[in-house]
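Novice: Residue numbers 5 to 151, in the working numbering, belong to the letters of the sequence shown in order.
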Amino acid sequence: MMIQLQVAVLFAAVASLVYAAPQQQSTPPIPILRSAQDADLQGGYSFSFETGNDIAREEVGELRNLGTAGEVQVVRGSYRYKDPEGNDIVVTYTADENGFVPQGAHFPVAPPIPQEILAALARNAEEEAKLSEAERAEVETGRYVIH
Numbered sequence: 005m006m007i008q009l010q011v012a013v014l015f016a017a018v019a020s021l022v023y024a025a026p027q028q029q030s031t032p033p034i035p036i037l038r039s040a041q042d043a044d045l046q047g048g049y050s051f052s053f054e055t056g057n058d059i060a061r062e063e064v065g066e067l068r069n070l071g072t073a074g075e076v077q078v079v080r081g082s083y084r085y086k087d088p089e090g091n092d093i094v095v096t097y098t099a100d101e102n103g104f105v106p107q108g109a110h111f112p113v114a115p116p117i118p119q120e121i122l123a124a125l126a127r128n129a130e131e132e133a134k135l136s137e138a139e140r141a142e143v144e145t146g147r148y149v150i151h
């Protein structure tokens, strides 16, 4: 029993040494080819970088309406990389009071809205325009009452 315990302790010690040994890196580090950043005192900034494996990103931000109730951070930028099949993926974006809006050729495109749905939406808008203020207030509560 004592020998089994000693073997178990020895095995655990060897295993911990193997686990703690430095691991060899299987791939070389990816170089940073270009990197820049800048900032100003009015909340503006910019940065960009490009790596050796064809990844790039750039972004510019600014504060609009500085010092007012409508002050908002506005950002424009883009990033680029290759997908697993080697295709270039490029995304441009803006971010402001309307949220994050990305654009890219690889994004799926929604099908067009069927004419029947567009016609129904137009009828709904016409009917809503005919409502009184009290009726409109009732509709806006989310409770629909059938008369």
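In this text, a Cβ means the ideal position worked out from N, Cα and C, and glycines have one as well. What you are looking at is a predicted structure, and each value in this text was computed from that prediction instead of being measured.
Does the Cβ-Cβ distance between Ser52 and Ala40 come in under 8 angstroms?
Specialist: For this step, residue 52 is matched to residue 48 along the sequence shown. For this step, residue 40 is matched to residue 36 along the sequence shown. The answer is yes: Cβ separation under 8 angstroms.
Novice: Examine the Cβ distances between the stretch 54-65 and the stretch 81-101 and report whether three or more of them are shorter than 8 angstroms.
Specialist: Verdict: yes, contact present.
Novice: Is Asp100 near Val78, with beta carbons less than 8 angstroms apart?
Specialist: Taking the sequence shown and counting its residues from 1, one reaches residue 100 at position 96. Taking the sequence shown and counting its residues from 1, one reaches residue 78 at position 74. Yes, these two residues count as a Cβ contact at 8 angstroms.
Novice: Name the DSSP beta bridge partners of Lys86, please?
Specialist: For the purposes of this step, residue 86 is taken as residue 82 along the sequence shown, with counting starting at 1. According to DSSP, Lys86 bridges with Asp92.
Novice: Leaving aside the five residues before and after Ile34 along the sequence, list all residues of the same chain whose C-beta is less than 6 angstroms from its C-beta, in chain order.
Specialist: The residue you call residue 34 lines up with position 30 of the sequence shown. These residues qualify, in order along the chain: Thr55, Gly56 and Asn57.
Novice: Spatial neighbours of Val113 within its chain, please: C-beta separation below 7 angstroms, excluding the five flanking residues on both sides.
Specialist: Counting from 1 along the sequence shown, the entry for residue 113 is found at position 109. Answer for Val113: no residue qualifies.
Novice: Shortest alpha-carbon distance to Gly74 belongs to which of Gly146, Asn102 and Gly108?
Specialist: Against the sequence shown, residue 74 aligns to sequence position 70. It is Asn102 whose Cα lies nearest to the Cα of Gly74.
Novice: Check for me: the alpha helix (DSSP H) holding Glu137 runs from which residue to which?
Specialist: Mapped onto the sequence shown, residue 137 falls at position 133. Looking at the DSSP string, the run of the alpha helix (DSSP H) that includes Glu137 is Glu137 to Glu144.
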